[in-house]
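Enquirer: For what it's worth, the numbering used here labels the leading residue of the sequence shown as 687, then goes sequentially. Glycine is no exception: its CB is placed at the ideal position from the N, C-alpha and C atoms. Computed from a predicted structure; not experimentally measured. Shown below is the structure under consideration.
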Amino acid sequence: MEEIDYKLRSKNPILISHATSKLIEIIKKKLETEEKNISNISEFKLLSSKCNSEDSIVSTSACQALVILGETGLWDIKCALATFMACLSSSKNYQAVTVAVSRLLILDWKSHDKCIEYTLEVPTQHPFITILIQEKLSWRSVLNQMKFIMHHHDKQVMEQSVELLRPVFVHVLCNPSIDSYESFKREAWELVIKSSNTTNLRTEILLWLCTNRADTCIDANCRVLELADMTLSKRDKELCTALVPLIASLTIQLLEHGHEPVKNFYTILDLFECCYNYIGNITIVLMAEIILICPAAYLPDALQICTVIVDRMPCHVILLNTLAAALIKWLAYPSLLCSDALVTAKKLLIKIMSQKKTDSGNGTISNKMLFIFSYSNGYIQFYMELIRSLYSVEADTLSWLENLSLAPIDLRYMCKLVLCGIFLRSDEPLVVQKVCHILVQIATEINFFASHALSLLLHKLTRTHDSYMLKYLLLSVPEFAMTKENLPIVIHTLDTLLNSGKSLKYFAIQLYLKALEKEPRCYRFISTALMDTMEKDHSWRSNVACARAIKYICENRPAHGEELVPLLSQILNRCVDLNSGAASALALDSISALCKSTVIGIYSTWQVLAPKMRKEKRTIVLESLCDLFANIPSYLFRTSEDHDRLIVDVVTLLWGYTVGDDMRVARAAFKALRSYQIERIPPSAMPSDFLSDIGVQRASGKTDNKDNEPADLPQYIPGTCWIQMLKNVNRSALSAAGDLLIFYIGDELNGFRSRIYTWPQGEPQNFKYLPEKSVIRAVGEYLRRSDKADRNNHIIIVECLRIFAHKHKKPLPNIKWDFLKETMQISEAAKEYSLSIASRHCQISASAKLLTESFLSMYATVSEIDRLLLDEKHLVLYSNLEHLCHAISPNNLKQFLETSLFYIINKILLNDKKYIHLFNYIMSSYVTAFKSNDIQMGNRTLLTTLLDEISGKIDLTSKHFEKYFAAVMELLIRDVERMTAPGTWWEVTRERLKTAIAIRVQTAFKGNINEPFAWLNELVNVTKSNPEMQKYLLENIQKVQADLRSEKFCDLEIQKDWILDFIRHIDALMVGTPDEKNNITFYCDILFVLVICLSGMDCFLPNKELLITSQDIRIRLFPQAISMLVDRQMWKSIIRQIMKWLNHMRSSSVPDVYILAFQSALILLRHEDDYNSEWKNYLSVKTRFQ
């Protein structure tokens, strides 16, 4: 041993090699004769320790010796690898260790005749990765050994080298933390792209490259450009074609990170020389994105690419116009920085505008590599889908736009360029109008898009000759005034209109108003325009246009109102003829708004207006005056004396209008009087005809008081005056007079306390227990005492019944309602009102209840049923169903409910469409009854039973029967669960199953259900062998999600819970019974539909039904949809859970097409922050390809 020690210390490579060889021989002999465990042999321990020697020759020789022990079978290769990994931290010679590990990896593969499954993470982490993590400077040694393995002399080793080294390449090239040297990455990537049998590895690396930060984006771009150079040298036409949109999309991200894109532009131009021309569509739209964000310095190169595409490649005409839309923005803001580029842009624009026909393709691309690249690239994936839709919707663009307008704002914004292309290209007024509307929506939500949209709008105006379209486009111009750069352009456009002909001048004022809605700074411009117009143009059209504008300002910007008072005065003084009535009416509306905002005082204003208004005869002006009077009680006054004096003056005028010859004014006056409490109206203000019952004629009345009121008038208005009012008012204004009494009765009822409804000694015979001034007493006593046989009284009786039948917030005071039996005989209308009064009061009145029950009992008489149902008096009862369900027992109510409902059902079965409306009316009454807290439990059960019974009789899933589902949604959850559970039915019919599906889907997603999966589980089991019902289930999920998306106050937070619920349950099914596993695919379909609808991606399909009928479309849209969802802030909290589940599903037993969808979704999410901490876990699973 001394000799060996001496030689090992000699620093002589020959002696060291000889000593090491001696140690191997000693170890071999001992293993053959003495010791079976190599680790116990002292020479082996010495040899192992020398691996950590500071002498590089010794450590290298020791490592080589240990490898020889493995090669000869003296030492287990697994143990050898583990030993080397353990000594890494103390090793002084990483190069020797790396070489040894490389040899052992080859030996290990040869001994098993298969590739060992190494990953990126411990405990199965690839040894090279461990070495790189321990010592970053070892990368050259590692790279050399990777090259050695990749180019190994043994063909079998070389063929398996990619599999063996995959984790190392992925670790080096896909690490989002960028902790590797650039030279290492470049050389490793060169090794991948220049070696044979590396196509899948190369593709996998490209898919997982991150671009979310500037450094990772630049790194990924370098890798792709290096691949492009190699591909060009090989003239691989298909790959060159696929790389063009990939590089274009990377260019967008480079520009967003502020990096120069010139090398990308040159590479794209080079690739054009070796690619197929079907790439034009996707490339032109990506170039449009680039041009919008490209600095002027790089614009010439970008336009050179566009020129090549337009000249050489067939493109959809809409996509060419998408490019034109991007160019117009540059041309609208010319600059010396890009003067040469703008010349090219103008030529391109002219060429595009001259294009009349689109290419004859269908938008599909048969390039497999591009399709694979789309897995990881949101731009390519999105635009490929959008291009497909464009080719499919050419015949019905408007419907497609309607659907798109309902999409979430982020999706609409993503479509902005294509929408701009449609806007420029289309000459169809309705299409242009719809696109313009969507562009306005986008600009309103995302303001920086407004300048681009305005440039397009003005360009479109210069090329439009259709008057309808021109008007709509001009009306849209002020919508873009919300940004600082747009405001001067909008105002200049409106000024041009203002200085044109008269009709355009008035239109310009309307546009100024729209601009003021968007931007308060526009006030000074409209103020100048109004003053100039009123000074120079005295026509009635001018007055109306200005008055309308002033009214808007006074109502919405009252702070400016005081400046406009002189203009209002001019209008009122100038506008005296019939044609100018509208202007005067608008001026009065403006005054009302200014009084409401206390800019001017109503008392002093009326002093000025009164002399003129008392002589006014024009109907439209008097209607506006009545509206002004209606608002007076809400205005502020300086003194109560002013208030009282004005009130008396105003109500006197209003009462005078009620008996005038103009019925429109009379109705407006009655409506205005509803603003005045009855106590504020002095009897002297009322017309003398209304006071005839108290024997006083105001014209000849004697007065002795200060206020000149007739001496015999009481201090209040007796109730009998109201009956006189009904008798003497013009019949055309009778309902308006009745509405006034309804208002007064409502006020009176609000003053009652609950004890007025309690009569222990029995119901009173009359209303005389109420005060004489009571309106209720007056109307009630007239109904009770009037001569029902006298036809002259019938009109007033019916009106009084209508007044009482109104649904007041409180019931009327108690009385014996027997007189309603007589009023029912007067007419059909009287019968309906009487029934309504009785049914509404049966919960507090025994006589009303008895009367109602008597009528209900008629539905049990066979001879009466047909007549009653034909008369449709049951609808009156249904209008008060909530009261009936509170007061009437189920036994007395059942016959009526069953008979009337099933009568209508039978009529519907006979295809009588008239009865669908009646059915929905009944269902609406069910909804109201269920919402009542006072409904008897027995009646709730009765209504629930009826809903259950009809579910199997007709196809309630038609859009005509949506009210049925509204009623079911009001049921108790346990009732809904029972009636929609197929397991409890005697027979599972098609109609009933469809109804159950519709109900359960609505309940799952619209009701207060935290776990929608559980509600759908039973239906999935029932429909697993019924494709028609499975399709119907998916349709309902899509429909409900679309409805929820359109709701203004949709609970977006709960959507996250739905997704997590489905994820958890699908996981549970993976380890469930065989039957449960069979349902996994369908649950994945449900999840895909749910996610796609939540994101809104279904909105840009050419036909929404495709989402249900095409599995391929669901699988294509799901990755993009999940990516869109997690981009929204509220979804950020569950990104990690979603990503981990997607990764888990990559190793599941679902069909391969679903695994590819989950994989693509996960790859698209690699830009999220959570990816950085879990990327090794995700990339440890090998990426699949079709």
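Would you mind sorting M1816 into buried or exposed? The rule is 16 or more other CB atoms within 10 Å of its CB.
Expert: Counting every other CB atom within 10 Å of its CB across the protein chains shown gives M1816 a total below 16, marking it as exposed.
Enquirer: Run the CB neighbour count on T1444, radius 10 Å, all protein chains shown included, and call it buried at 16 or more, exposed below.
Expert: exposed
Enquirer: With a CB to CB cut of under 6 Å and the five nearest residues on each side skipped, what residues in its chain are close to S1586?
Expert: H1560
Enquirer: Would a C-beta distance cut-off of 7 Å place F1068 and Q1806 closer than the cut-off?
Expert: yes
Enquirer: Distance check for L1719 and V1465, CA to CA, integer angstroms please.
Expert: 56 Å
Enquirer: Considering only the beta carbon of each residue, do A1136 and M1168 sit closer than 7 Å?
Expert: yes
Enquirer: By the three-class DSSP mapping on this structure, what secondary structure does Q1451 have?
Expert: coil
Enquirer: At the level of alpha carbons, what is the spacing between G1107 and K1868?
Expert: Separation of G1107 and K1868 (C-alpha to C-alpha, rounded to the nearest whole angstrom) is 41 Å.
Enquirer: How is T1759 classed by DSSP in three states: helix, strand or coil?
Expert: T1759 carries a coil assignment under DSSP once its states are collapsed to helix, strand and coil.
Enquirer: Looking at the structure shown, is T758 part of a helix, part of a strand, or coil, going by DSSP?
Expert: Residue state, collapsed to three classes: coil.
Enquirer: Let me know the secondary structure DSSP gives Q1845 once reduced to three states.
Expert: helix
Enquirer: How is T1627 classed by DSSP in three states: helix, strand or coil?
Expert: helix
Enquirer: Who are the Cβ neighbours of L1579 in its own chain at under 8 Å, not counting the five residues just before and after it?
Expert: Hits under 8 Å: L1542, L1570, C1571, N1625 and L1628.
Enquirer: Nearest-angstrom Cα distance between S1225 and N1265?
Expert: It is roughly 10 Å from the alpha-carbon of S1225 to the alpha-carbon of N1265.
Enquirer: Mapping DSSP to helix, strand and coil, what is T805?
Expert: strand
Enquirer: Do V930 and I954 have their C-beta atoms closer together than 7 Å?
Expert: yes
Enquirer: Could you pull out every residue in the same chain whose Cβ sits closer than 6 Å to the Cβ of F870, ignoring the five residues on either side in sequence?
Expert: W825
Enquirer: Count the other C-beta atoms from every protein chain shown that fall within 10 angstroms of the C-beta of L887, then say buried if there are 16 or more, exposed otherwise.
Expert: buried
Enquirer: CB-CB under 6 Å to T1675, same chain, minus the five flanking residues each way: which ones, in chain order?
Expert: G1638
Enquirer: Given Y692, which residues of its chain have a CB within under 6 Å of its CB, disregarding the five upstream and five downstream residues?
Expert: none
Enquirer: In terms of DSSP beta bridges, what is Q1806 paired with?
Expert: In the DSSP output, where bridge partners are listed per residue, Q1806 has none listed.
Enquirer: Looking only at its chain, what residues have a beta carbon closer than 6 Å to the beta carbon of C1261, apart from the 5 residues adjacent to it on each side?
Expert: N1229, A1269 and S1270
Enquirer: In or out: L1023 buried (at least 16 other Cβ within 10 Å) or exposed?
Expert: exposed
Enquirer: Pop quiz: V1351 and C1312 are said to be a contact at Cβ under 8 Å. What is the actual Cβ separation, rounded to whole angstroms?
Expert: 7 Å
Enquirer: Got a sec? Which residues, its chain only, sit under 6 Å from Q1041 by beta carbon, not counting five neighbours each side?
Expert: V1003 and L1006
Enquirer: L634: which of V1337, S707 and F1059 sits nearest, CA to CA?
Expert: Given a span of 687 to 1872 for the chain in the structure shown, any question on residue 634 remains unanswerable.
Enquirer: For the pair the region 800–814 and the region 834–841, tell me if three or more CB-CB distances fall below 8 Å.
Expert: no
Enquirer: Within the same chain, show all residues whose beta-carbon is closer than 6 Å to that of E688, passing over the 5 residues directly before and after it, in chain order.
Expert: none
Enquirer: Would you mind reading off the limits of the alpha helix (DSSP H) that contains T1670?
Expert: It is not in any alpha helix (DSSP H) - T1670 carries neither H nor E in the DSSP assignment.
Enquirer: Could you check whether I976 and T937 sit closer than 7 Å to each other, using their CB atoms as the reference points?
Expert: yes
Enquirer: In the DSSP assignment, what are the bridge partners of Q990?
Expert: BP columns for Q990 are empty, so no partner.
Enquirer: Alpha helix (DSSP H) containing F1885: first to last residue?
Expert: Nothing in the structure corresponds to residue 1885, since the chain is present only between 687 and 1872.
Enquirer: Taking all protein chains shown into account, do 16 or more other C-beta atoms lie within 10 angstroms of the C-beta of D1275, making it buried, or fewer, making it exposed?
Expert: buried
Enquirer: What residue ranges within the region 893–919 form continuous beta strand (DSSP E) runs of no fewer than 3 residues, ordered along the chain?
Expert: none
Enquirer: Using only the alpha-carbon positions, how far apart do A1385 and F1376 sit?
Expert: Legend: pLDDT at A1385 = 39, less than 50; position of this residue unreliable, value from coordinates given subsequently. Cα to Cα, A1385 sits roughly 13 Å from F1376.
Enquirer: Between the C-alpha atoms of P1369 and F1505, what's the straight-line distance to the nearest angstrom?
Expert: 31 Å
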